[in-house]
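S.K.: Below is a structure I'd like to ask you about.
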Ligand code: GAP
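Structure below.
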């Protein structure tokens, strides 16, 4: 990473993630495509580790959550039943001069006017008042030439079957705006095939799509993104009717601890209770993270929501399928209630990067960039270097790399000085670097068949026998 002068931390980290092959703006050679990003080699590996960590915590380490991988395309009625076709929209206004699109409710909020659950007529009435008082301007160019507010659906439409060249009511399908829709549709098959007893959860990771009006703030809010969602089904009358709040509190606690376990500083986390609830929710909290790269402000990282019996009741009503559950113990039949945990993969990645990215001053007057990621999340676990490009050192290093890469994501690097190679690995968060030097090869040396292992955080080096490397690292991961 060069020592460019960045105006702020956001610019620095965005530039870093691009230059080090983590995140690229989509379709850049065509001038870009707003609100969509691609993930390069290290970005892919980091994201994979984040998803594995979530799956481990949500499925592997629990006996009450089952996995699912449902399709992105679903019967279009799914989204009528869920309320998304009619209700998943935002009011927008456009600047006629610079074409910037703005959320009308956000504009009103800046004047202390809440547009929460208000009609488009109310929003336009309030905007007209501001206009007549000469207070309404484009947030981008300052022009007062703004359109009136219109309702803008966040649903992304596509088509399947024929005719495919026109979008009509007959062939429109929606790209799912949240992954949980697939979980509700597979609730019945899961109960019928695996016979789980309440309470139990279903978890899945997958892509979701939203026509976000303002896809800003890098990968924090995008139009195509991945979600990690878990829906927990329970009997609302269990525990004398205390079940809803008991499960809710337990899951809130469980998700909070996940972030601490993976190294997020607790001071940078807080709970936010929603006053404005989505159409399906009866209670909702967010875990907010203080993104230093987004102006040091607390922003939604993960939602924990009570959805009541809304989803299964609606899908039962629209599909005609019986989605009730028969409880053997109480001999009661009822529609299970649901609470969910839901988080965007990229938003979590951004929090981990923001938390780990440091520019560190060193004793020798130098500085380094280091990503102090939890080792389990690091894209590369071990890097192996020959001290120089001497063939014997290269051969030995490659041999070690080949052995280690069966167990760990390991990188071989021989370009530039060893110091530069250490810096490169520090930047991408690699916890250990192994260097093969002349002592490694020298049969007369007491360091024969040993290598140096350097620790990313302490930068301390120790000598380890080649034969013991695999065990050495296994103990540390
Ligand atoms: N199933 C509930 C649901 O989807 P949400 O609050 O709309 O609730 C849940 O989204 C999480 O998904 C958010 O907390 C955020 O982490 C992520 N998310 C939502 N919209 C996003 C977007 N446009 N880009 C990236 N992540 C997003």
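Numbering (the numbering used here), first residue to last: 25 to 501. Glycine included, each C-beta is placed from N, C-alpha and C at the ideal position. The structure displayed is predicted, hence computed values, not measured ones.
1) Exposed or buried, what is residue 295 when buried is set at 16 or more other beta-carbons lying within 10 Å of its beta-carbon?
2) Taking 8 Å as the threshold (C-beta atoms), are residue 176 and residue 115 in contact?
3) Apply the 10 Å Cβ neighbour rule to residue 77 and answer buried if 16 or more other Cβ atoms are within range, or exposed otherwise.
4) Determine whether the beta carbon atoms of residue 369 and residue 450 lie at a separation below 8 Å.
5) I'd like to know whether the C-beta atoms of residue 202 and residue 253 end up nearer to each other than 8 Å.
6) Taking 7 Å as the cut-off, does the CB of residue 210 come closer than this to any heavy atom belonging to the ligand GAP?
7) Could you pull the start and end residues of the beta strand (DSSP E) that residue 329 belongs to?
8) Kindly list the residues whose CB is nearer than 7 Å to the CB of residue 26, restricted to its own chain and excluding five residues on each side of it in sequence; keep chain order.
9) My output table needs one value for residue 87: the three-state DSSP class, helix, strand or coil.
10) Can we say the segment 197-211 touches the segment 91-109, given the rule of at least three CB pairs closer than 8 Å?
11) In its own chain, which residues sit with a C-beta less than 8 Å from the C-beta of residue 272, not counting the 5 before and 5 after it?
12) Run the proximity test for residue 234: is its beta-carbon closer than 7 Å to any non-hydrogen atom belonging to the ligand GAP?
13) Taking 8 Å as the threshold, find out whether the segment 272-292 comes into contact with the segment 372-382 through three or more Cβ pairs.
14) Could you check whether residue 129 and residue 139 sit closer than 8 Å to each other, using their CB atoms as the reference points?
15) By a C-beta neighbour count over all protein chains shown, 10 Å radius and 16 as the cutoff for buried, is residue 245 buried or exposed?
16) For a quick check, are the C-beta atoms of residue 46 and residue 67 less than 8 Å apart?
17) For residue 342 and residue 211, what's the separation of their Cα atoms in angstroms?
18) Hey, residue 447 and residue 392: beta-carbon distance below 8 Å or not?
19) With a CB to CB cut of under 6 Å and the five nearest residues on each side skipped, what residues in its chain are close to residue 500?
20) Considering only residues of the same chain and omitting the five flanking positions on each side of residue 235, which have a CB-CB separation below 6 Å?
21) Measuring alpha carbon to alpha carbon, tell me which residue in 401, 434, 118 is nearest residue 74.
22) The beta strand (DSSP E) that contains residue 149, what's its start and end?
23) Does the ligand GAP have even one heavy atom less than 7 Å from the beta-carbon of residue 218?
24) Any heavy atom of the ligand GAP closer than 7 Å to the beta-carbon of residue 371?
25) Tell me whether the beta-carbon of residue 406 lies closer than 8 Å to the beta-carbon of residue 227.
26) Would you check if the distance between the CB atom of residue 320 and the CB atom of residue 359 is smaller than 8 Å?
27) Measure the alpha-carbon distance for residue 477 versus residue 408 and round it to whole angstroms.
28) Less than 8 Å between the C-beta atoms of residue 155 and residue 237, yes or no?
29) Which residue spans inside the segment 348-428 form an unbroken beta strand (DSSP E) run of at least 3?
30) Following a CB-centred definition, is residue 306 positioned closer than 7 Å to any heavy atom of the ligand GAP?
31) Rounded to whole angstroms, what's the CA-CA distance from residue 403 to residue 345? Just pull it up for me.
32) Write down the C-beta distance between residue 280 and residue 311 rounded to the nearest angstrom, noting that I regard them as a contact closer than 8 Å.
33) Excluding the 5 residues preceding and the 5 following residue 463 in the sequence, name in chain order all residues of the same chain whose CB lies nearer than 6 Å to its CB.
34) Which partner residues does residue 253 have in the DSSP bridge list?
35) How is residue 69 classed by DSSP in three states: helix, strand or coil?
36) Could you say if the segment 422-429 and the segment 489-497 meet the contact criterion of at least three C-beta pairs nearer than 8 Å?
M.R.: On the basis of the data shown:
1) Residue 295 sits at position 271 when you count from the first residue of the chain shown. So residue 295 counts as exposed.
2) To locate residue 115, count along the chain shown from 1; it is residue 91. To locate residue 176, count along the chain shown from 1; it is residue 152. Yes, the Cβ-Cβ distance between residue 115 and residue 176 is below 8 Å.
3) Indexing the chain shown from 1 puts residue 77 at position 53. The residue is buried, with at least 16 neighbouring Cβ atoms inside 10 Å.
4) By one-based count along the chain shown, residue 369 stands at place 345. By one-based count along the chain shown, residue 450 stands at place 426. No, these two residues do not count as a Cβ contact at 8 Å.
5) As a position in the chain shown, residue 202 is number 178, starting the count at 1. As a position in the chain shown, residue 253 is number 229, starting the count at 1. Cβ distance < 8 Å, so residue 202 and residue 253 count as in contact.
6) Here residue 210 corresponds to residue number 186 of the chain shown, with the count starting at 1. No, the Cβ of residue 210 stays beyond 7 Å of every heavy atom of the ligand GAP.
7) Stepping through the chain shown from its first residue, residue 329 is reached at position 305. Per DSSP, residue 329 belongs to the beta strand (DSSP E) from 321-332.
8) Within the chain shown, residue 26 is the residue found at index 2, counting from 1. Bear in mind that the predicted position of residue 26 carries a pLDDT of just 44, short of 50, making it unreliable; the figure below should be weighed with that in mind. Within the same chain, residue 26 has no close Cβ partners at all.
9) Within the chain shown, residue 87 is the residue found at index 63, counting from 1. DSSP places residue 87 in coil when its eight states are reduced to three.
10) yes
11) The sequence position of residue 272 within the chain shown is 248, counting from 1. Result list for residue 272: 307, 328, 330, 363, in chain order.
12) For the purposes of this step, residue 234 is taken as residue 210 along the chain shown, with counting starting at 1. Result yes, Cβ under 7 Å from the ligand GAP.
13) yes
14) Stepping through the chain shown from its first residue, residue 139 is reached at position 115. Stepping through the chain shown from its first residue, residue 129 is reached at position 105. Going by C-beta atoms, residue 139 is nearer than 8 Å to residue 129.
15) Residue numbering aside, residue 245 sits at position 221 when the chain shown is read from its first letter. Flag for residue 245 reads buried.
16) Here residue 46 corresponds to residue number 22 of the chain shown, with the count starting at 1. Here residue 67 corresponds to residue number 43 of the chain shown, with the count starting at 1. Contact: yes.
17) Mapped onto the chain shown, residue 342 falls at position 318. Mapped onto the chain shown, residue 211 falls at position 187. Cα to Cα, the separation comes out at about 15 Å.
18) As a first step, residue 447 is located in the chain shown; it is residue number 423 there, counting from the start. As a first step, residue 392 is located in the chain shown; it is residue number 368 there, counting from the start. Cβ atoms of residue 447 and residue 392: closer than 8 Å.
19) Within the chain shown, residue 500 is the residue found at index 476, counting from 1. Excluding sequence neighbours, residue 500 sits near nothing in its chain.
20) Residue mapping note: residue 235 aligns to position 211 of the chain shown, counting from 1. Only 178, 180 meet the Cβ criterion.
21) Against the chain shown, residue 74 aligns to sequence position 50. The residue with the shortest Cα to Cα distance from residue 74 is 401.
22) Mapped onto the chain shown, residue 149 falls at position 125. Here residue 149 belongs to no beta strand (DSSP E); instead the alpha helix (DSSP H) covers 144-156.
23) Walking along the chain shown from the start, residue 218 turns up at place 194. No; taking the cut-off as 7 Å, the Cβ of residue 218 has no heavy atom of the ligand GAP nearer than that.
24) Against the chain shown, residue 371 aligns to sequence position 347. Yes, since a heavy atom of the ligand GAP falls inside the 7 Å radius drawn around the Cβ of residue 371.
25) The residue labelled residue 406 in the question sits at position 382 within the chain shown. The residue labelled residue 227 in the question sits at position 203 within the chain shown. Going by C-beta atoms, residue 406 is not nearer than 8 Å to residue 227.
26) Along the chain shown, one-based indexing puts residue 320 at 296. Along the chain shown, one-based indexing puts residue 359 at 335. Their beta carbons are not under 8 Å apart, which means residue 320 does not touch residue 359 by this criterion.
27) Working through the chain shown from its first residue, we reach residue 477 at position 453. Working through the chain shown from its first residue, we reach residue 408 at position 384. If I take the Cα positions, the gap works out to 9 Å.
28) For the purposes of this step, residue 155 is taken as residue 131 along the chain shown, with counting starting at 1. For the purposes of this step, residue 237 is taken as residue 213 along the chain shown, with counting starting at 1. No, the pair does not count as a contact, with Cβ atoms beyond the cut-off.
29) 349-351, 356-358, 361-368, 381-385, 391-395, 406-410
30) By 1-based counting over the chain shown, the position of residue 306 is 282. Not under cutoff, so the answer is no.
31) Numbered from its first residue, the chain shown carries residue 403 at position 379. Numbered from its first residue, the chain shown carries residue 345 at position 321. Spanning the two alpha carbons is a distance of roughly 45 Å.
32) Walking along the chain shown from the start, residue 280 turns up at place 256. Walking along the chain shown from the start, residue 311 turns up at place 287. Yes, they are in contact, since the Cβ atoms of residue 280 and residue 311 sit about 6 Å apart, within 8 Å.
33) If you number the chain shown from 1, residue 463 lands on position 439. If we look at residue 463 and ignore the five residues flanking it on each side, its Cβ neighbours are 469, 471.
34) Position 229 of the chain shown, counting from 1, holds the residue named residue 253. Partner(s): 228, 366.
35) Your numbering for residue 69 matches position 45 in the chain shown. Looking at residue 69 - three-state DSSP - the assignment turns out to be helix.
36) yes
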